[in-house]
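Written out below as structure tokens is the structure these notes cover.
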Amino acid sequence: MAHRKIGYFDVEGSCYVAKPGRWRGKYVISEDGEELKEKLCVTLHENEEDACAEGMRLGVAAARQLMKEREGYDPGEEH
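Here the sequence shown is numbered in our numbering, starting from 1390 and rising by one per residue.
In structure tokens, the structure reads:
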């Protein structure tokens, strides 16, 4: 599981076995320990690493959008 801080939000990217030999990404966005949004990715991947990377990438994008909606600016990917 990977973790990043984006503005006020914590983003966790992970993955799970969707069916034998296929992985699906997942992300959870939380603030102060309270879960705000969880989403399962659509794409099936052949390996765990790619699926987790997709979960993290989509989670970061969603958290950046939340910051834009809340604060009116994009904190970028590294905050």
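Note that beta-carbon positions come from the ideal geometry of N, C-alpha and C, so glycine has one too.
Cross-strand partners of Lys1457 (DSSP beta bridge) = Within the sequence shown, residue 1457 is the residue found at index 68, counting from 1. Answer is none; Lys1457 lacks a bridge partner.
Output yes or no for whether 8 Å exceeds the beta carbon distance between Tyr1416 and Lys1428.
-> As a first step, residue 1416 must be located in the sequence shown, where it is residue number 27. As a first step, residue 1428 must be located in the sequence shown, where it is residue number 39. In contact: Tyr1416 and Lys1428 (Cβ atoms closer than 8 Å).
The beta strand (DSSP E) with Gly1414 in it runs from where to where?
-> Residue numbering aside, residue 1414 sits at position 25 when the sequence shown is read from its first letter. Element bounds for Gly1414: 1411 to 1420.
Starting from Cys1404, follow its DSSP beta bridges and name the residues at the other end.
-> Counting from one through the sequence shown, the residue named residue 1404 turns up at place 15. Its beta-bridge partners are Gly1414.
Start and end residues, beta strand (DSSP E) containing Glu1427 | The count along the sequence shown starts at 1 and reaches residue 1427 at position 38. First-last of the beta strand (DSSP E) with Glu1427: 1423 to 1434.
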